[in-house]
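*Asks:* Numbering (the working numbering), first residue to last: 172 to 365. Below is a structure I'd like to ask you about.
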Amino acid sequence: MASARERAADLGVDAVSPSIGALLSVFAAAGGARSVVEVGTGAGISGLWLLSGMRPDSVLTTIDAEQEFQAAAKIGFQQAGVAANRTRLINGHALDVLPRLADAAYDLIFIDGDPVDHPRYVIDAVRLLRPGGVVVVNLGDAGYRVPDPDAHDDEAVAAREATRIIAADDNLLPVILPLGGGLVAAAKAFVPDE
Numbered sequence: 172m173a174s175a176r177e178r179a180a181d182l183g184v185d186a187v188s189p190s191i192g193a194l195l196s197v198f199a200a201a202g203g204a205r206s207v208v209e210v211g212t213g214a215g216i217s218g219l220w221l222l223s224g225m226r227p228d229s230v231l232t233t234i235d236a237e238q239e240f241q242a243a244a245k246i247g248f249q250q251a252g253v254a255a256n257r258t259r260l261i262n263g264h265a266l267d268v269l270p271r272l273a274d275a276a277y278d279l280i281f282i283d284g285d286p287v288d289h290p291r292y293v294i295d296a297v298r299l300l301r302p303g304g305v306v307v308v309n310l311g312d313a314g315y316r317v318p319d320p321d322a323h324d325d326e327a328v329a330a331r332e333a334t335r336i337i338a339a340d341d342n343l344l345p346v347i348l349p350l351g352g353g354l355v356a357a358a359k360a361f362v363p364d365e
């Protein structure tokens, strides 16, 4: 993890804190996650945390438009001894990739990509989650500005909208977590057959 953090610093990538990483690992382990999507690979630090909690037969699909970031993540996964068949690194814009992923096929989705696109990522995440699956949105620095009615910058508006989308969905059980700038997490409820 230390060398992954060094690569993140060299690339100028904001890495998740150890407390956020530990929470991701707990969510993955508690849900017995087999299929996980990460929006925003960064240097692979959050991916390593996710993988540490995922089942041994699981696959992490991680999406990032920055090829250099994914190369750094791949090195980190290899150094950590993660088998190549446990990761699927997709180089592309998440807004183009997410619509191509299978509905109701994922146990956990971590959104840590371009903050301005968080609302659109959330909409896709709800479709991709299986019942009982969890979406976690890292609001980053924008999270500090969500409750401020005078904050009208693009990131604060997007963070507020992503939070609103989650809160308004009757099929999601949401919680706001005061880690970093703030996380919003929600479990997709089981809907009885009609």
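Just so you know, even glycine gets a beta-carbon here, dropped at the ideal spot from N, CA and C. In this text, all values refer to a predicted model and were calculated from it rather than measured experimentally.
With distances taken from CA atoms, which of Asp-325, Thr-334 and Val-328 is nearest Val-307?
*Replies:* For the purposes of this step, residue 307 is taken as the residue at position 136 of the sequence shown. It is Thr-334 whose Cα lies nearest to the Cα of Val-307.
*Asks:* Could you give the distance in angstroms between the alpha-carbon of Val-184 and the alpha-carbon of Phe-240?
*Replies:* Walking along the sequence shown from the start, residue 184 turns up at place 13. Walking along the sequence shown from the start, residue 240 turns up at place 69. C-alpha separation (whole angstroms): 8 Å.
*Asks:* Over what stretch of residues does the alpha helix (DSSP H) that includes Ser-325 continue unbroken?
*Replies:* By one-based count along the sequence shown, residue 325 stands at place 154. A quick correction: the sequence has Asp, not Ser, at residue 325. That run of the alpha helix (DSSP H) goes 325 to 339.
*Asks:* Could you tell me the distance, in whole angstroms, from the CA atom of Val-287 to the CA atom of Asn-262?
*Replies:* Position 116 of the sequence shown holds residue 287. Position 91 of the sequence shown holds residue 262. So the two alpha carbons sit approximately 19 Å from each other.
*Asks:* In the DSSP output, which residue or residues are listed as bridge partners for Leu-182?
*Replies:* Numbered from 1 along the sequence shown, position 11 holds the residue referred to as residue 182. Leu-182 is not bridged to any residue.
*Asks:* So Val-210 and Leu-221 are supposed to be a Cβ contact under 8 Å. How far apart are they, rounded?
*Replies:* If you number the sequence shown from 1, residue 210 lands on position 39. If you number the sequence shown from 1, residue 221 lands on position 50. Going by Cβ atoms, the distance from Val-210 to Leu-221 rounds to 12 Å, so no, they are not a contact pair.
*Asks:* What first and last residue would you give for the alpha helix (DSSP H) that runs through Gly-192?
*Replies:* As a working mapping, residue 192 is identified with position 21 in the sequence shown. It spans 189 to 201 - the alpha helix (DSSP H) in which Gly-192 sits, taken as one unbroken run.
*Asks:* Would the beta-carbon of Ser-190 fall within 8 Å of that of Leu-350?
*Replies:* Here residue 190 corresponds to residue number 19 of the sequence shown, with the count starting at 1. Here residue 350 corresponds to residue number 179 of the sequence shown, with the count starting at 1. Contact: yes.
*Asks:* Can you tell me which residues form a DSSP beta bridge with Val-253?
*Replies:* Taking the sequence shown and counting its residues from 1, one reaches residue 253 at position 82. Paired residue(s): none; Val-253 is not in a bridge.
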